[in-house]
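Residue numbers (UniProt numbering): 1 to 453.
Data block below; observations after.
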Amino acid sequence: MKTYDIVDLAARNLRESVLRNSLTTIGISVGVASLVAMLSLGVGLQKLASRRLAKSGLFDTVIVSSRRDWRGMNRQEERSGPNAAESRLLDETARQELEKLPHVIEAYPDIRFVTEVRFDDKPHMGMVAGMPFSAKGGDAFDGMQGNFFSSETAAEAIVQKNFAAEILGKTDREDQIQTADLAKPLLGKELVLRYAERVNTPGAQGTDSSYSVFQREQHLKIVGVADSDPDSMRAAARARVFVPLKLAQGLHVMQIGDMRDTMRGFNSQPTYLTVSVRVENPKYVQQVEDGVKKLGFSTFSILDASKSVTQFFRVLDMFLAIFGSLALTVASIGIVNTLVMAILERRREIGIMKAIGASDADVKLLFFTEAGAMGVLGGILGVTLGWLIGAVINIGTNFYLRRQELPPEQLWVVSWWLVLFAMAISVGISLLAGLYPAGRAAKLDPVQTLRYE
Numbered sequence: 001m002k003t004y005d006i007v008d009l010a011a012r013n014l015r016e017s018v019l020r021n022s023l024t025t026i027g028i029s030v031g032v033a034s035l036v037a038m039l040s041l042g043v044g045l046q047k048l049a050s051r052r053l054a055k056s057g058l059f060d061t062v063i064v065s066s067r068r069d070w071r072g073m074n075r076q077e078e079r080s081g082p083n084a085a086e087s088r089l090l091d092e093t094a095r096q097e098l099e100k101l102p103h104v105i106e107a108y109p110d111i112r113f114v115t116e117v118r119f120d121d122k123p124h125m126g127m128v129a130g131m132p133f134s135a136k137g138g139d140a141f142d143g144m145q146g147n148f149f150s151s152e153t154a155a156e157a158i159v160q161k162n163f164a165a166e167i168l169g170k171t172d173r174e175d176q177i178q179t180a181d182l183a184k185p186l187l188g189k190e191l192v193l194r195y196a197e198r199v200n201t202p203g204a205q206g207t208d209s210s211y212s213v214f215q216r217e218q219h220l221k222i223v224g225v226a227d228s229d230p231d232s233m234r235a236a237a238r239a240r241v242f243v244p245l246k247l248a249q250g251l252h253v254m255q256i257g258d259m260r261d262t263m264r265g266f267n268s269q270p271t272y273l274t275v276s277v278r279v280e281n282p283k284y285v286q287q288v289e290d291g292v293k294k295l296g297f298s299t300f301s302i303l304d305a306s307k308s309v310t311q312f313f314r315v316l317d318m319f320l321a322i323f324g325s326l327a328l329t330v331a332s333i334g335i336v337n338t339l340v341m342a343i344l345e346r347r348r349e350i351g352i353m354k355a356i357g358a359s360d361a362d363v364k365l366l367f368f369t370e371a372g373a374m375g376v377l378g379g380i381l382g383v384t385l386g387w388l389i390g391a392v393i394n395i396g397t398n399f400y401l402r403r404q405e406l407p408p409e410q411l412w413v414v415s416w417w418l419v420l421f422a423m424a425i426s427v428g429i430s431l432l433a434g435l436y437p438a439g440r441a442a443k444l445d446p447v448q449t450l451r452y453e
C-alpha cells in the first residue's frame, strides 16, 4: 500500500469513531499538559535563580583575600591559594595590581564598619557599608524608594528598610509598612555618623609609621530607602546604611583588620579583609582566579558553588518530569484500549484488506499511523494547555507580587526545547502503546476474519 492510501485510511478510521478517539486524544493532551506544566516550573525557577545571581554580580565576581587572614584558624583548604608564608598583604598597592589583570573591570575593597548613627539626635548602632557606583545597575537596590547616590563621593546615604523603621520608631509593625511610607518622612533628612578615624603619624627614629585614632563625624543626606533584605545580598550589603565607596574610603575609618595587623606586626599601612574583583564575562573567572593566585592571594567565586545549584535543579526537573509523566502513562493505556476495540470492530475490514493484497506490515503501519496521529494531536493540545496553565499562574502570581509592591517574576517558562521534548514524548508513547494492537491486527487470519459477523 502507498503511504498516501495508509494516511487517508487512518484519517477515515479516526473520523468514524470521533467520540472515542477524541476522548483518547484529550487523555493524551492532559498527560502532556501536566508534563509541560511541571517541567516549565522547574525551568522557570532555574532561570529565575540564574538571573538573580547574574544580575547581582556573583557570577562575574572573584572575592580575593590574604592567606594570612586565615592563619591559625585550623581551616581546611577550602580557599584556594598559596601558603600563609607566601601570601601577601591585601593593601591598596595590591588592589591596584588586581585591577590591572586582563579581563578585570574593577577591583574594589570591602569597607564596612559598625558605628553610631544618629537621627534626630537619637543614637542607633548599625553597620555602614561602602558601595561602588557600579552597584547602581545591580539588583541590590531593586524596589528602592528614592534615588541612588548622585556621585561617587557624595555625602549621601541609602538606609535599609528595617533600619528606617527603627529610626522612625515603627519597629512594632515594620512588616506591615510599605517602603514608600517609610521613605516619605526620611528622604532629604540628615544622618550623622560618629566613627573612629585612623590617621597615620611618622614613627620615631626612622621606624615604620604608626597611626593615631580620632573621633569624627560625617553628615549624610538620606537619598533612598532600600526594600531588599540585607541577608539576601552580598557581604558588603549586609548593612543598615550604605554610602558611596569612595566616600567611605576617604573617611579612613578604623577597621578590625588594622588592630589585627598591629598585633601581628605586619606593617602600619591599612589593609583590606577582602577585595571584590569584577570580571568582564563569567567565562574569564577561572583565568582571573589563576592570575590572582600568582600574585599571592586566595580566591573564591560563586561559579564553583553554582555547580551544586545546577545539580539540584536537574534532580528537581527529573522528579517533576516523573510526576508529570504519570498522567501520560495513564493516557497510553487509553490508546491501547482504543486500538484494541478498533481491531474487534474492524475484523472484517482487516480481513478484506489482507485478502486483496495488504501485507502484515501494511496493517501494522495503519495502526501505527492512527496511534501516531492521536499522539501528534494530543501533543499539540497538551503543549497549548500546559502553556495556558503556566500563563494563568504567572498572571496570578505577578498580580499578588504587585499588590505586595514586589517586582514581577516569570516563574513558568515554556522553552522551545520543552515543546519539542513534549511532542516527542507524546508521539513516542503513542507509538509504543500502538505496538500491541498493531501486532495483534497483523496476526489476524483473513479467512477467520471474513467469517466474523
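C-beta: ideal position from N, C-alpha, C; glycine also.
From a predicted model like this one, the values you see are computed outputs, not experimental measurements.
Next item on the list: For A164, name the three-state secondary structure that DSSP assigns.
Entry: Your numbering for residue 164 matches position 164 in the sequence shown. Reduced to three states, the DSSP call for A164 is helix.
Notebook entry, point to check: Where do the ends of the beta strand (DSSP E) carrying S134 lie?
Noted result: Stepping through the sequence shown from its first residue, residue 134 is reached at position 134. Per DSSP, S134 lies in no beta strand (DSSP E) segment and is marked neither H nor E.
Next item on the list: Thinking S430 and A355 are a contact (beta carbons under 8 Å), I'd like their distance in whole angstroms, please.
Entry: Taking the sequence shown and counting its residues from 1, one reaches residue 430 at position 430. Taking the sequence shown and counting its residues from 1, one reaches residue 355 at position 355. Your pair S430 and A355 does not check out as a contact, with CB atoms roughly 29 Å apart and the cut at 8 Å.
Notebook entry, point to check: Can you check whether the CB of V292 is closer than 9 Å to the CB of residue 499?
Noted result: The displayed coordinates of the chain run from 1 to 453. Any statement about residue 499 would go beyond what the structure contains.
Notebook entry, point to check: So who's on the other strand from residue 474, going by DSSP bridges?
Noted result: Past the boundaries of the shown model lies residue 474; the chain is included only from 1 to 453, so the question cannot be answered.
Next item on the list: Pick helix, strand or coil for Q255, following the three-state DSSP scheme.
Entry: Translated into positions along the sequence shown, residue 255 becomes position 255. Correct three-state label for Q255: coil.
Checklist line | Separation of P102 from V223, as counted between CA atoms | finding: Taking the first residue of the sequence shown as position 1, residue 223 is located at position 223. Taking the first residue of the sequence shown as position 1, residue 102 is located at position 102. Between the alpha carbons of V223 and P102 lies a gap of roughly 36 Å.
Check: What is the rounded straight-line gap between the Cα of L418 and the Cα of P282?
Finding: As a working mapping, residue 418 is identified with position 418 in the sequence shown. As a working mapping, residue 282 is identified with position 282 in the sequence shown. When only Cα atoms are considered, L418 and P282 end up about 26 Å apart.
Checklist line | Extent of the continuous beta strand (DSSP E) run through R104 | finding: Translated into the one-based positions of the sequence shown, residue 104 becomes position 104. The question names Arg, but residue 104 is Val in the sequence shown. DSSP places V104 inside the beta strand (DSSP E), whose first and last residues are V104 to P109.
Next item on the list: Would you tell me roughly how many angstroms separate the C-alpha atoms of I322 and F312, rounded to the nearest one?
Entry: Counting from one through the sequence shown, the residue named residue 322 turns up at place 322. Counting from one through the sequence shown, the residue named residue 312 turns up at place 312. Taking the Cα positions, I322 is about 16 Å away from F312.
Next item on the list: Within its chain, find whatever has a CB closer than 8 Å to the CB of Q145; leave out the 5 residues flanking it on each side and keep chain order.
Entry: Locating residue 145 in the sequence shown gives position 145, counting from the first residue. Closer than 8 Å at the Cβ level, and outside the excluded window around Q145, lie T179, A180, L182, A183, L187, G224, V225 and D227.
Next item on the list: Could you tell me which of L365, V199 and W416 sits nearest to T384, measuring between CA atoms?
Entry: Numbered from its first residue, the sequence shown carries residue 384 at position 384. Among L365, V199 and W416, the Cα nearest to that of T384 belongs to W416.
Notebook entry, point to check: Shortest alpha-carbon distance to S50 belongs to which of M341, Q410, R95 and L168?
Noted result: By one-based count along the sequence shown, residue 50 stands at place 50. Nearest C-alpha to S50: Q410.
Item checked: N200 classed as buried or exposed, judged by whether at least 16 other C-beta atoms fall within 10 angstroms -> The residue labelled residue 200 in the question sits at position 200 within the sequence shown. Per the 10 Å Cβ criterion, exposed.
Next item on the list: Identify, in the order they occur along the chain, each residue of the same chain with its Cβ nearer than 6 Å to the Cβ of F242, setting aside the five sequence neighbours on each side.
Entry: By one-based count along the sequence shown, residue 242 stands at place 242. The answer, listed in chain order, is A129, M131 and I158.
Note to self: Can you list, in chain order, the residues of its chain with a C-beta nearer than 6 Å to that of A327? Leave out the 5 residues immediately preceding and following it.
What the structure shows: In the sequence shown, residue 327 corresponds to position 327, counting from 1. V30, G31 and S34, listed in sequence order.
Next item on the list: Pick helix, strand or coil for N394, following the three-state DSSP scheme.
Entry: The residue given as residue 394 occupies position 394 in the sequence shown. If DSSP states are grouped into helix, strand and coil, N394 belongs with the helices.
Next item on the list: Can you give me the Cβ contacts of D231 inside the same chain, cut-off strictly under 6 Å, excluding the 5 residues immediately before and after it?
Entry: The residue given as residue 231 occupies position 231 in the sequence shown. Any reading at D231 needs caution, since the residue's pLDDT is 42, under 50, leaving its predicted position unreliable; the model's value is listed next. Same-chain partners within the cutoff: there are none.
Check: Hey, how far is the Cα of L316 from the Cα of L420?
Finding: Along the sequence shown, read from residue 1 onward, the residue named residue 316 stands at position 316. Along the sequence shown, read from residue 1 onward, the residue named residue 420 stands at position 420. When rounded, the distance between both Cα atoms is 20 Å.
Next item on the list: Note down the Cα distance separating K47 from S40, rounded to an integer number of angstroms.
Entry: Locating residue 47 in the sequence shown gives position 47, where the first residue counts as 1. Locating residue 40 in the sequence shown gives position 40, where the first residue counts as 1. Here the C-alpha atom of K47 lies approximately 10 Å from the C-alpha atom of S40.
Note to self: Pop quiz: L220 and L191 are said to be a contact at Cβ under 8 Å. What is the actual Cβ separation, rounded to whole angstroms?
What the structure shows: Taking the first residue of the sequence shown as position 1, residue 220 is located at position 220. Taking the first residue of the sequence shown as position 1, residue 191 is located at position 191. Between L191 and L220 the Cβ distance is about 5 Å, and since that is below 8 Å, they are a contact.
Notebook entry, point to check: Just how far apart, CA to CA, sit V392 and T93?
Noted result: Translated into the one-based positions of the sequence shown, residue 392 becomes position 392. Translated into the one-based positions of the sequence shown, residue 93 becomes position 93. Roughly 55 Å separates the two Cα atoms.
Margin query: Buried or exposed, going by whether 16 or more other CB atoms sit within 10 Å of the CB of P244?
Written below: Working through the sequence shown from its first residue, we reach residue 244 at position 244. Result: buried.
Note to self: Can you tell me which residues form a DSSP beta bridge with M144?
What the structure shows: Within the sequence shown, the letter at position 144 stands for residue 144. DSSP lists no partner for M144.
Margin query: I'd like to know whether the C-beta atoms of E280 and V104 end up nearer to each other than 9 Å.
Written below: By 1-based counting over the sequence shown, the position of residue 280 is 280. By 1-based counting over the sequence shown, the position of residue 104 is 104. Judged by beta-carbon spacing, V104 lies within the 9 Å limit of E280, meaning their Cβ atoms are closer than that value.
Margin query: Looking at the secondary structure, which residues open and close the alpha helix (DSSP H) in which F297 lies?
Written below: Residue 297 sits at position 297 when you count from the first residue of the sequence shown. For F297, there is no enclosing alpha helix (DSSP H), since its DSSP letter is neither H nor E.
Next item on the list: Give the C-beta separation of residue 456 and E106 to the nearest angstrom, bearing in mind that I take them to be a contact with Cβ-Cβ under 8 Å.
Entry: Because the chain in this structure spans residues 1 to 453, residue 456 falls outside the shown range and cannot be described.
Margin query: Helix, strand or coil for T153? Go by DSSP, reduced to three states.
Written below: Position 153 of the sequence shown, counting from 1, holds the residue named residue 153. Reduced to three states, the DSSP call for T153 is coil.
Notebook entry, point to check: With burial defined as no fewer than 16 other Cβ atoms inside 10 Å of the residue's Cβ, what is the status of P15: buried or exposed?
Noted result: For this step, residue 15 is matched to residue 15 along the sequence shown. As written in the sequence, residue 15 is Arg, which differs from the Pro given in the question. Counting Cβ neighbours within 10 Å, R15 comes out exposed, since fewer than 16 surround it.
Item checked: DSSP beta-bridge partners of F323 -> Working through the sequence shown from its first residue, we reach residue 323 at position 323. According to DSSP, F323 bridges with nothing at all.
Next item on the list: Evaluate F399 with the Cβ neighbour count: other Cβ atoms within 10 Å of its Cβ, from every protein chain shown; 16 or more gives buried, anything less gives exposed.
Entry: Against the sequence shown, residue 399 aligns to sequence position 399. That one is exposed.
Next item on the list: Under 8 Å by Cβ, that's how I've got I111 and Q215 pegged, so tell me the actual separation to the nearest angstrom.
Entry: The residue given as residue 111 occupies position 111 in the sequence shown. The residue given as residue 215 occupies position 215 in the sequence shown. Not confirmed; about 19 Å, so no contact.
Check: With DSSP run on the structure shown, which of helix, strand or coil describes Y211?
Finding: As a working mapping, residue 211 is identified with position 211 in the sequence shown. It is a strand residue.
Note to self: For A442 and A331, I'd like the C-alpha separation in whole angstroms.
What the structure shows: Along the sequence shown, read from residue 1 onward, the residue named residue 442 stands at position 442. Along the sequence shown, read from residue 1 onward, the residue named residue 331 stands at position 331. CA-CA distance, A442 to A331, rounds to 23 Å.
Note to self: I believe R95 touches V275 by the beta-carbon criterion, under 8 Å. Please report the beta-carbon distance rounded to the nearest angstrom.
What the structure shows: For the purposes of this step, residue 95 is taken as residue 95 along the sequence shown, with counting starting at 1. For the purposes of this step, residue 275 is taken as residue 275 along the sequence shown, with counting starting at 1. R95 to V275, Cβ: 5 Å. Contact.
Check: Considering only C-alpha positions, which residue in the set E166, D142 and Y108 is nearest to K122?
Finding: As a working mapping, residue 122 is identified with position 122 in the sequence shown. Cα-wise, what sits closest to K122 is E166.
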